[in-house]
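Residue numbers (our numbering): 370 to 605.
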């Protein structure tokens, strides 16, 4: 149960429209999972349902054995780091302030800068980047800062929504490589959403294909590469 995510027959309806239909799967600490599929298939909705940004209509989601329907889930949410598709960095704050945002009022500035620099190094950035503003960063650098912020409070879970959106293949590979290394180094449970199947397939071992609100297929990389369905042939 520890550091696991279980979705059991999850449904999401909005204004009589079905957004997710009977979604069931699990994510384990040692097996990062990537949700793939075409745009608007429901992938990001799954991620947002897990962290409570979207209310589910039926079924249940348990994180480390705790149902999202209980009050105790708010303590569990503290153990989740989230990377949003649009990075969601604060333009008026420097990089180090963005990374250490949760602790800005709790610790000395010097301590926070030192911690932010160590996190920057983990995502392939340097000490000099700490004092830059988001407007001074490239797209790939913004993604890496967002990842550094997501792991700044030493979470048990890392959820990523389209972490390579808008990046070229080289930067895409860099981001996925960082995520894979963090999973191993920090023993963190990883669930990602990606429309970049060709990039993700190099770095993830477990995949779930979402299509038209439902799980179309799930399995490992080797099985996915065999292109078992017509839809997957078009993706891979």
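Quick reminder that beta carbons are idealized off the backbone N, C-alpha and C, glycines included.
Keep in mind it's a predicted model, so treat the numbers as computed, not measured.
Q) Between residue 573 and residue 419, what straight-line distance do the alpha-carbon atoms span, to the nearest angstrom? A) 20 Å
Q. Taking the Cβ atom as the reference point for each residue, do residue 584 and residue 393 lie within a distance shorter than 9 Å?
A. yes
Q. Which partner residues does residue 563 have in the DSSP bridge list?
A. According to DSSP, which records beta bridges pairwise, residue 563 is partnered with 405.
Q | Assigned exposure category for residue 545 - 16 Cβ within 10 Å defines buried | A | buried
Q. Is DSSP giving residue 414 helix, strand or coil here?
A. helix
Q) Could you give the distance in angstroms between the alpha-carbon of residue 374 and the alpha-carbon of residue 497? A) Rounded to whole angstroms, residue 374 and residue 497 show a C-alpha spacing of 37 Å.
Q. What did DSSP end up calling residue 474 once you bin it into helix, strand or coil?
A. DSSP places residue 474 in coil when its eight states are reduced to three.
**Q.** Check whether residue 445 and residue 558 have beta carbons under 9 Å apart
**A.** no
Q.
Using only the alpha-carbon positions, how far apart do residue 576 and residue 555 sit?
A. 21 Å
Q. Quick one, which of 473, 380 and 562 has its alpha-carbon nearest residue 522's?
A. 473
**Q.** Three-state class that DSSP yields for residue 571 in the structure shown
**A.** coil
**Q.** Three-state secondary structure (DSSP) of residue 460
**A.** Here residue 460 sits in coil by DSSP.
Q.
residue 582 and residue 389 - do their beta-carbons sit closer together than 9 Å?
A. yes
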